[in-house]
Amino acid sequence: MRVTVFGVGYVGLVQGAILAEVGHDVTCVDVDQDKVALLNNGGIPIYEPGLEPIVKENLAAGRLHFTTDAKEGVQRAEVIFIAVGTPPDEDGSADLKYVLSVARTVAEHMQEHKIVINKSTVPVGTADKVRASITETLRQRKVELSFDVVSNPEFLKEGAAVKDCMSPDRIILGTESSNSEKVLRRLYAPFNRNHEKIIVMDVRSAELTKYAANCMLATKISFMNEIANLAEKFGADVENVRRGIGSDPRIGYHFIYPGCGYGGSCFPKDVQALIRSANAVGYQARVLESVEAVNYAQKEKLFGYISDYFDGQLDGKTVALWGLSFKPNTDDMREAPSRVLMEQLWEEGATVQAYDPEAMEETQRVYGGRNDLRLMGTKEAALSGADFLVICTDWQAFKAPDFELIKQQLAQPLIFDGRNLYDPQQMHELGIHYFGIGRGQ
Ligand code: UGA
Numbered sequence: 110m111r112v113t114v115f116g117v118g119y120v121g122l123v124q125g126a127i128l129a130e131v132g133h134d135v136t137c138v139d140v141d142q143d144k145v146a147l148l149n150n151g152g153i154p155i156y157e158p159g160l161e162p163i164v165k166e167n168l169a170a171g172r173l174h175f176t177t178d179a180k181e182g183v184q185r186a187e188v189i190f191i192a193v194g195t196p197p198d199e200d201g202s203a204d205l206k207y208v209l210s211v212a213r214t215v216a217e218h219m220q221e222h223k224i225v226i227n228k229s230t231v232p233v234g235t236a237d238k239v240r241a242s243i244t245e246t247l248r249q250r251k252v253e254l255s256f257d258v259v260s261n262p263e264f265l266k267e268g269a270a271v272k273d274c275m276s277p278d279r280i281i282l283g284t285e286s287s288n289s290e291k292v293l294r295r296l297y298a299p300f301n302r303n304h305e306k307i308i309v310m311d312v313r314s315a316e317l318t319k320y321a322a323n324c325m326l327a328t329k330i331s332f333m334n335e336i337a338n339l340a341e342k343f344g345a346d347v348e349n350v351r352r353g354i355g356s357d358p359r360i361g362y363h364f365i366y367p368g369c370g371y372g373g374s375c376f377p378k379d380v381q382a383l384i385r386s387a388n389a390v391g392y393q394a395r396v397l398e399s400v401e402a403v404n405y406a407q408k409e410k411l412f413g414y415i416s417d418y419f420d421g422q423l424d425g426k427t428v429a430l431w432g433l434s435f436k437p438n439t440d441d442m443r444e445a446p447s448r449v450l451m452e453q454l455w456e457e458g459a460t461v462q463a464y465d466p467e468a469m470e471e472t473q474r475v476y477g478g479r480n481d482l483r484l485m486g487t488k489e490a491a492l493s494g495a496d497f498l499v500i501c502t503d504w505q506a507f508k509a510p511d512f513e514l515i516k517q518q519l520a521q522p523l524i525f526d527g528r529n530l531y532d533p534q535q536m537h538e539l540g541i542h543y544f545g546i547g548r549g550q
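Its first residue numbered 110, the sequence shown is counted upward by one per residue in our numbering.
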């Protein structure tokens, strides 16, 4: 089937590459000429495990095309995905200008029936706006053409995007058109083999499903962070509590890991956007407001421990920092807890010696040029001459370090661990002063 994807960000690029991988003929359109040129040369603008070979192979096989030519993109495909960004505007609402601009582009160039699919995370009611925008542009062109707008949200996780896209838990189709449903069932047939994953519903429910999923996961995390804060007050260990409650299948072990807060391009933005959408229809989303407030506070937690430990005297201290990305297996630093910590440390006059397995270039791009940030080539180098160690990301490479080396390199054997990677008892036996999240110091 001929498919066009507008937007080669995380969602669009992965979706386009995977649809090509299963045999569809996919054109990816983006306004960014540099990105398109890079992709046409087999390069990848993001770090995502497993994506590069898939893009290269399908490019070589002629099933995947990258272009800035929107007209060609619209005219050659029966199914058109909108996978452009929806950044938060000043008040946290999702900004739809890119989505609606693609809708107009589709309407300007279409010459026959098209199925337009919203893949971007968009507020409830966006499909109606896309429909209105296409109708208006067609009216201006004085042509009458039929089209469908479908909501088909994406649920992939950064770092596991290829796998998530190849074997989705579910495929949500928000459509009231039986023809669109038939076409999309054909498109997704390769992903729907072993058991039924397609759930068809009305457009608005599909749009809300995406926000509900992310907000539920963010709620689990903030809830657990609150329990961690209580565990500290009560002298309990939240890791025992986590295991204790996770064993109840109604609660489950997923997304109840306490830590230094959730980050990334999705949870913070989506929680905020649903709060704003709720306000817009006269509803105060109290649970979500609390989820957001707890997360803000949690991102300041590590700094709080550090500042208390040193009685606020951080001027001139050198801090070894492991982990800059918002989570492992990505170089993405959007809304990363490490940023809040570094900025607080700098404010107090400390210098940060940082290491991350993937996010060094990104850190250089965001903070390069500061003389209170040293980017180190290895996790061991980051320790050298530092006063203490802080961990912000649960990369595999940090889980079993050489603790003797850590003790040797640091001015004092002191670790602040924002991801609860180590056993406090073992740290005690090794003579390391250890602070985890919600573990009772
Ligand atoms: C999230 C969702 O998990 C995906 O299902 C969704 O499709 C995606 O957003 C999206 O809307 O595009 P992602 O932001 O890539 O995916 O990352 P997650 O793996 O969900 O992690 C988010 C944050 O929560 C990270 O900072 C992570 O460290 C934190 N987290 C996660 C915790 O603090 N505790 C946990 O138990 C789990």
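Think of the CB as a built atom: it goes at the ideal place given N, C-alpha and C, for glycine as much as any other residue. It should be emphasised that the depicted structure is a prediction, and the values quoted were computed from it without experimental measurement.
Where residue i sits in the DSSP three-state scheme
i: CYS274; result: helix
i: ALA468; result: coil
i: PRO162; result: helix
i: HIS174; result: strand
i: ARG213; result: helix
i: VAL138; result: strand
i: ARG302; result: coil
i: ILE153; result: coil
i: PRO446; result: helix
i: ARG111; result: strand
i: PHE332; result: helix
i: LEU293; result: helix
i: ILE365; result: coil
i: VAL350; result: helix
i: LEU282; result: strand
i: LEU498; result: strand
i: ILE127; result: helix
i: SER399; result: helix
i: GLY570; result: A question about residue 570 goes unanswered here, because the residues of the chain that appear run from 110 up to 550.
i: SER386; result: helix
i: LEU265; result: coil
i: THR244; result: helix
i: MET219; result: coil
i: GLY355; result: helix
i: CYS324; result: helix
i: GLY182; result: helix
i: PRO591; result: Nothing about residue 591 can be reported from this structure: the residues present for the chain run from 110 to 550 only.
i: ASP143; result: helix
i: GLU457; result: coil
i: TYR371; result: coil
i: GLY116; result: coil
i: LYS342; result: helix
i: ARG237; result: Looking at the sequence shown, residue 237 is not Arg but Asp. Three-state DSSP puts ASP237 in a helix.
i: THR230; result: coil
i: GLY121; result: helix
i: LYS251; result: coil
DSSP bridge partner residues for residue i (one or two, in chain order)
i: ILE224; result: VAL188, ASP257
i: GLN393; result: Per DSSP, none; premise fails for GLN393.
i: GLN462; result: ALA429, ARG483
i: ALA203; result: PRO197
i: MET310; result: GLY283
Checklist entry - What are the complete beta strand (DSSP E) segments, minimum 3 residues, inside the region 502-547? => result The beta strand (DSSP E) runs of length 3 or more contained entirely in the region 502-547 are, from start to end of the chain, 523-526, 542-544.
Next on the checklist: With a threshold of 8 angstroms, are at least 3 pairs of Cβ atoms found where one atom belongs to the region 337-356 and the other to the region 301-315?
Outcome noted: Fewer than three pairs of CB atoms, one per stretch, sit closer than 8 angstroms, so the region 337-356 makes no contact with the region 301-315.
Item to check | Complete runs of the beta strand (DSSP E) confined to the region 404-439 [at least 3 residues] | outcome: Those beta strand (DSSP E) runs which fall completely within the region 404-439 and span 3+ residues are 427-431.
Checklist entry - If we count Cβ pairs, one from each stretch, closer than 8 angstroms, do we get three or more for the region 371-391 versus the region 416-431? => result Too few Cβ pairs lie closer than 8 angstroms, so no.
Checklist entry - Is it a yes or a no for the region 144-156 touching the region 117-127, going by three-plus beta-carbon pairs under 8 angstroms? => result Cβ pair count under 8 angstroms is three or more, so yes.
Checklist entry - With a cut-off of 8 angstroms, do at least 3 Cβ pairs link the region 238-250 to the region 207-223? => result Result yes; three or more Cβ-Cβ pairs closer than 8 angstroms.
Checklist entry - Contact between the region 398-417 and the region 475-487: three or more CB pairs below 8 angstroms? => result No: fewer than three Cβ pairs fall under 8 angstroms.
Checklist entry - Do the region 517-528 and the region 354-365 meet, that is, are 3 or more Cβ pairs less than 8 angstroms apart? => result Contact between the region 517-528 and the region 354-365 is absent: fewer than 3 CB-CB pairs across the two stretches fall below 8 angstroms.
Checklist entry - Is the number of C-beta pairs between the region 131-147 and the region 225-240 that are closer than 8 angstroms three or more? => result Verdict: no, contact absent.
Next on the checklist: So, does the region 156-171 touch the region 193-203, judging by three or more C-beta pairs under 8 angstroms?
Outcome noted: Segments in contact, no.
Checklist entry - Should the region 220-230 be regarded as contacting the region 185-193, the criterion being three or more beta carbon pairs within less than 8 angstroms? => result The region 220-230 makes contact with the region 185-193; the number of CB pairs closer than 8 angstroms reaches 3 or more.
Checklist entry - Touching or not, the region 440-455 and the region 507-514, by the rule of three or more beta carbon pairs under 8 angstroms? => result Touching, no, given that fewer than three Cβ pairs across the two stretches are closer than 8 angstroms.
Next on the checklist: Between the region 320-332 and the region 534-544, can you find at least three pairs of beta-carbon atoms closer than 8 angstroms?
Outcome noted: Contact between the region 534-544 and the region 320-332 is absent, because fewer than three Cβ pairs lie under 8 angstroms.
Next on the checklist: Quick check: the region 364-371 against the region 257-264, are at least 3 beta-carbon pairs closer than 8 angstroms?
Outcome noted: Cβ pair count under 8 angstroms is below three, so no.
Checklist entry - Can you find at least 3 beta carbon pairs, one from the region 278-287 and one from the region 309-325, that sit closer than 8 angstroms? => result Yes, the region 278-287 is in contact with the region 309-325.
Next on the checklist: Check whether the region 290-304 and the region 314-324 are in contact - that is, three or more C-beta pairs closer than 8 angstroms.
Outcome noted: Taking a contact to require three or more Cβ pairs closer than 8 angstroms, the region 290-304 and the region 314-324 do not qualify as touching.
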